[in-house]
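J.: Handing you this structure, nothing more for now.
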């Protein structure tokens, strides 16, 4: 399939592939963009994807070296029904709408997705009284396919849960999906339809914010013209809004830590286990992942905006998770933990889904406070934003009949389809039979296929999110260096310049070769 | 699952233990044996310790009068012994699944693709790996680049001649930690700081003395509840008992955990938390005809111990195959 958009990195290193480097403005063409989306998280990518269905010049920019690299990568990977959202809010409306679109969306964009259902359980008297309120709220939110369960019914569905269960609610449409593939799929389709993508490019200034054509100043000192600016920079949206002096709002990052359990635990639990939510959070959940693990989390810890330890894990936090999750599934204490991660919720003090059209300047749209529900709501939110762009910012929408709205069959992630079992494929391309990541059984062919994919991922983490190499129980003990060697060989980047997340995260700090390089004969 | 080829004995893993078993079985007259290795070379972990000028001999051959040798040399010696036999060697082949009852392995490689092999007896010699930070339970913080396992360091340092860090910090104070400190120093880095959550290093006195020839690392051992890694993109240090120790790279060393996932996949009994295989008797696992050897049995052993252990398993397997009464005296092999 022909890719009509352009894709560049602001990657200064001299050893980096010249054809992928953003060196000159001419690479982007001389016409101003109709719309520049700043922030390639799941919301920015969804917006680019939906906009790519129209005849528009669209640019998607992110300071990271992959799409979905920041907040969008660390979540619970649940596609919510919105049963417990605050009633009559934009968030509730969009989550409910999106949850019904998801099965079809996952199919056409080749995003691994499973409708596993969720079980909300009450384990003490207080929670038992709360349960009815949750039930009524769900009905008000239009989630009518839920079912109240007795303790016996709950235990019949999930025999391994705590015997202290008093009552439960079954929410059949709560689902799980691959959050990494989601941002990637949106961005790939957008790129194919002609959206340009600039990665590793930070916006450090905005000039002529009141004019019809505004200018973005990049960290690498380039100037890009655009008619409309959309700020979907997530945790960076505050800093970006300061550049154009948008309306004041505050972000209070809220950390969520997670524990990852090995795959042997997955067969014990089939559904997402939810405690009764409190005013602040949903509590500690036990969640089966689409990848075949169980995870427990999240915590809810508030941080200051500039605190860079916000994505750290703490021993106390992880212990809290284990204790909390074991109240739902006591057997978790026996299960080996293979990894941890934390994510940040983009929590806005002025309210969630904080959206400002013509934010102190015509043609600027600010979107912030997209909390944990953003992963679910992103396709519906993107459509909502497009209608706002059309009605309030005067964006002209003319459908592009040549646009495609799917990814090819080969876009299914390898871990989902297991190409090594495909006899014909391995016969044709033997590298699909050469297993590189032993834990997740990921082949050389899958890694190369992704290196050659439209978004041209070049970092270890980008390959990890696409292939799952390094995500297994050994956490890269066996395959990290092999994957780095493959990127190095295939993309012609010296091994010492291979990075985890772009420049500044090289696997070699010294750039030095060892003093004794000579092999003794 | 239907097998396409049948063997008397299949061995999973061509490290010292697997090769030891293969050679001994061959000498005992077992006709058809295959050894399956997922890497592209024989010899297992020792093969990653390259022979270098000014390099460190980390493996001790007690059978040759206790002389330290390079890991790579030992791996080559193993290979030489193995190719003399008629054992079928399958490199770059990953066992993806097992059927424990029928004794069938599904292996994947780029030539044969997905094939099923069956056998009368199967030996697992899958070795062990280092525990991840999460598995250790007292390592937390951020997840920057350059927090390496020993194997990753070896592949950069010995395999690619790249020195990943100048000021190393080593987490784990057993012999592997001290060997790593010596290797880094010999390659041009400064003396490492070794940290662990015990007051005295786990590495024995004489072993430490041996590695003193290259490096004199600074040991910081305190009963710390946690170590937190600091660093945004790259690692800049750790917080350890309120002290900020700076470094430009971390090696997470030692603390081995058996690679028992295949056994778990096939419902062969494994103690879940420790991942230790349950040995019923004489190296036999909970499923009839399945055996295990080497570091996969747990513990912490050198290459030569594993080689000899492989030979002992070969005897148990031969007994099993000839339906001789089993040696009921069960010994759990620990150092």
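Residue numbers (the numbering used here), protein chains in the order written: chain A, 191 to 711; chain B, 11 to 345. No residue lacks a Cβ here, since even glycine has one placed at the ideal position from N, Cα and C.
(1) Kindly examine the ligand FMN and report whether one of its heavy atoms sits closer than 7 Å to the Cβ of residue 494(A).
(2) For the beta strand (DSSP E) containing residue 78(B), list its first residue and its last residue.
(3) Can you list the beta strand (DSSP E) stretches of 3 or more residues lying completely in the region 347–407 of chain A, in chain order?
(4) Among the candidates 594(A), 595(A), 597(A), 624(A), whose CA atom is the shortest distance from the CA of residue 608(A)?
(5) In the DSSP assignment, find the alpha helix (DSSP H) that holds residue 569(A) and state where it starts and stops.
(6) Are the region 79–92 of chain B and the region 578–592 of chain A touching, with three or more C-beta to C-beta distances below 8 Å?
(7) Name, please, each residue of chain A whose Cβ falls closer than 9 Å to the Cβ of residue 15(B).
(8) When you compare only the Cα positions, how much space is there between residue 278(B) and residue 134(B)?
(9) What does residue 125(B) pair with, by DSSP beta-bridge criteria?
(10) What ranges does the beta strand (DSSP E) occupy inside the region 268–323 of chain B, keeping only unbroken runs of at least 3 residues that lie completely in it?
(11) Between the region 257–266 of chain A and the region 526–539 of chain A, do three or more beta carbon pairs fall short of 8 Å?
(12) With distances taken from CA atoms, which of 60(B), 258(B), 24(B), 15(B) is nearest residue 697(A)?
(13) In terms of residue numbering, what span does the beta strand (DSSP E) encompassing residue 290(A) cover?
(14) Do you know how far the Cα of residue 193(B) is from the Cα of residue 142(B)?
(15) Using a C-beta cutoff of 8 Å, does residue 410(A) count as contacting chain B?
(16) Using a C-beta to C-beta distance shorter than 8 Å, which residues of chain A count as neighbours of residue 104(B)?
(17) Quick one: what does DSSP say residue 95(B) is sitting in, helix, strand or coil?
(18) At the 8 Å Cβ level, is residue 199(A) part of the contact set with chain B, yes or no?
(19) Pick out whichever of 82(B), 248(B), 26(B) has its Cα sitting closest to the Cα of residue 62(B).
(20) Looking only at DSSP bridge pairs, what is residue 421(A) linked to?
(21) Taking 8 Å as the CB-CB cut-off, is residue 389(A) touching chain B?
(22) Could you round the C-beta distance between residue 412(A) and residue 254(A) to whole angstroms and report it? I think they count as a contact, below 8 Å.
(23) Taking the continuous beta strand (DSSP E) assigned at residue 430(A), which residues delimit it?
(24) For chain B, check one thing: does any of its Cβ atoms lie closer than 8 Å to the Cβ of residue 706(A)?
(25) Between 184(B), 217(B), 216(B), 158(B), which lies nearest to residue 204(B) when the distance is taken from Cα to Cα?
(26) Keeping to the same chain, check which residues put their C-beta closer than 7 Å to that of residue 384(A); ignore five residues upstream and five downstream.
(27) Pull up the CB-CB distance for residue 447(A) and residue 489(A), whole angstroms please, since I reckon it's below 8 Å.
(28) Does DSSP put residue 332(B) in a helix, a strand or coil?
(29) Run the CB neighbour count on residue 153(B), radius 10 Å, all protein chains shown included, and call it buried at 16 or more, exposed below.
(30) Straight-line CA distance for residue 49(B) to residue 104(B)?
(31) Are the C-beta of residue 325(A) and some C-beta of chain B separated by less than 8 Å?
(32) Just to confirm the assignment, what range does the alpha helix (DSSP H) spanning residue 223(B) have?
(33) Could you give the distance in angstroms between the alpha-carbon of residue 671(A) and the alpha-carbon of residue 165(B)?
(34) Drop a sphere of 10 angstroms on the beta-carbon of residue 375(A), count the other beta-carbons inside from all chains shown, and report buried for 16 or more, exposed for fewer.
(35) Please return the same chain residues whose Cβ sits closer than 7 Å to the Cβ of residue 675(A), not counting the five positions on each side in sequence.
(36) Would you grab the beta carbon distance between residue 351(A) and residue 463(A) for me? Rounded to a whole angstrom, and I think it's under 8 Å.
T.: If we stick to the structure as given:
(1) The model depicted lacks the ligand FMN and carries no ligand whatsoever.
(2) Mapped onto the second chain, residue 78(B) falls at position 68. First-last of the beta strand (DSSP E) with residue 78(B): 77–79.
(3) Entirely contained in the region 347–407 of chain A, the beta strand (DSSP E) runs reaching 3 residues are, in chain order, 357–361, 365–367, 386–389, 393–397.
(4) Here residue 608(A) corresponds to residue number 418 of the first chain, with the count starting at 1. Among 594(A), 595(A), 597(A), 624(A), the Cα nearest to that of residue 608(A) belongs to 624(A).
(5) For this step, residue 569(A) is matched to residue 379 along the first chain. Counting along the chain, the alpha helix (DSSP H) containing residue 569(A) begins and ends at 564–582.
(6) These segments do not touch.
(7) Here residue 15(B) is taken as the residue at index 5 of the second chain, counted from 1. Near residue 15(B) there are no residues of chain A at all, since even the closest Cβ is about 17 Å away, more than 9 Å.
(8) Counting from 1 along the second chain, the entry for residue 278(B) is found at position 268. Counting from 1 along the second chain, the entry for residue 134(B) is found at position 124. Straight-line Cα distance between these residues: approximately 11 Å.
(9) Here residue 125(B) refers to the residue found at position 115 when the second chain is read from its first residue. Answer is 117(B).
(10) Runs found: 300–302.
(11) As far as the Cβ criterion goes, the region 257–266 of chain A touches the region 526–539 of chain A, which means the pair count is three or higher.
(12) What you label residue 697(A) is simply residue 507 of the first chain in a count that begins at 1. Among 60(B), 258(B), 24(B), 15(B), the Cα nearest to that of residue 697(A) belongs to 258(B).
(13) Counting from one through the first chain, the residue named residue 290(A) turns up at place 100. That residue, residue 290(A), is in no beta strand (DSSP E); its alpha helix (DSSP H) goes 280–299.
(14) Within the second chain, residue 142(B) is the residue found at index 132, counting from 1. Within the second chain, residue 193(B) is the residue found at index 183, counting from 1. Residue 142(B) and residue 193(B): Cα-Cα distance of roughly 21 Å.
(15) In the first chain, the residue the question calls residue 410(A) occupies position 220. For residue 410(A), no CB of chain B lies under 8 Å from its own CB, so it is not counted at the interface with that chain.
(16) Working through the second chain from its first residue, we reach residue 104(B) at position 94. For residue 104(B), the neighbours in chain A by C-beta distance under 8 Å run, in chain order, 625, 628, 631.
(17) As a position in the second chain, residue 95(B) is number 85, starting the count at 1. Correct three-state label for residue 95(B): coil.
(18) If you number the first chain from 1, residue 199(A) lands on position 9. No - not a single Cβ of chain B is within 8 Å of the one on residue 199(A).
(19) For the purposes of this step, residue 62(B) is identified with residue 52 of the second chain, where counting begins at 1. Answer by Cα proximity: 82(B).
(20) The sequence position of residue 421(A) within the first chain is 231, counting from 1. According to DSSP, residue 421(A) bridges with 228(A), 556(A).
(21) Numbered from its first residue, the first chain carries residue 389(A) at position 199. Judged by the 8 Å Cβ criterion, residue 389(A) is not in contact with chain B.
(22) The residue given as residue 412(A) occupies position 222 in the first chain. The residue given as residue 254(A) occupies position 64 in the first chain. Here residue 412(A) is actually not in contact with residue 254(A); their C-beta atoms are around 17 Å apart, not less than 8 Å.
(23) To locate residue 430(A), count along the first chain from 1; it is residue 240. Segment 427–433 is the alpha helix (DSSP H) holding residue 430(A); no beta strand (DSSP E) there.
(24) Here residue 706(A) refers to the residue found at position 516 when the first chain is read from its first residue. With a pLDDT of 44 at residue 706(A), under the threshold of 50, the predicted position of this residue should be treated as unreliable, and no value is reported.
(25) As a first step, residue 204(B) is located in the second chain; it is residue number 194 there, counting from the start. For the residues 184(B), 217(B), 216(B), 158(B), the minimum Cα distance to residue 204(B) belongs to 184(B).
(26) As a position in the first chain, residue 384(A) is number 194, starting the count at 1. A distance below 7 Å between beta-carbons, with the five flanking residues on each side excluded, links residue 384(A) to the following residues of its chain, in chain order: 194, 195, 242.
(27) Taking the first residue of the first chain as 1, we reach residue 447(A) at position 257. Taking the first residue of the first chain as 1, we reach residue 489(A) at position 299. So it is a contact: roughly 5 Å between Cβ atoms.
(28) By 1-based counting over the second chain, the position of residue 332(B) is 322. In this structure, residue 332(B) counts as coil in the three-state DSSP scheme.
(29) Stepping through the second chain from its first residue, residue 153(B) is reached at position 143. Buried: at least 16 other Cβ atoms inside 10 Å.
(30) Translated into positions along the second chain, residue 49(B) becomes position 39. Translated into positions along the second chain, residue 104(B) becomes position 94. Looking at the two C-alpha atoms, the distance is approximately 8 Å.
(31) Numbered from 1 along the first chain, position 135 holds the residue referred to as residue 325(A). Taking 8 Å as the threshold, the shortest C-beta distance from residue 325(A) to chain B does not fall below it.
(32) For this step, residue 223(B) is matched to residue 213 along the second chain. Annotation for residue 223(B): no alpha helix (DSSP H) segment contains it, and DSSP assigns it neither H nor E.
(33) Stepping through the first chain from its first residue, residue 671(A) is reached at position 481. Stepping through the second chain from its first residue, residue 165(B) is reached at position 155. If you take the alpha carbons of residue 671(A) and residue 165(B), they lie about 7 Å apart.
(34) Taking the first residue of the first chain as position 1, residue 375(A) is located at position 185. By the neighbour-count criterion, in which 16 or more other beta carbons inside 10 Å mark a residue as buried, residue 375(A) falls on the buried side.
(35) If you number the first chain from 1, residue 675(A) lands on position 485. For residue 675(A), where only same-chain residues beyond five positions count, the Cβ hits under 7 Å are 685.
(36) Taking the first residue of the first chain as 1, we reach residue 351(A) at position 161. Taking the first residue of the first chain as 1, we reach residue 463(A) at position 273. Contact annotation, residue 351(A) with residue 463(A): C-beta distance approximately 6 Å; criterion of less than 8 Å satisfied.
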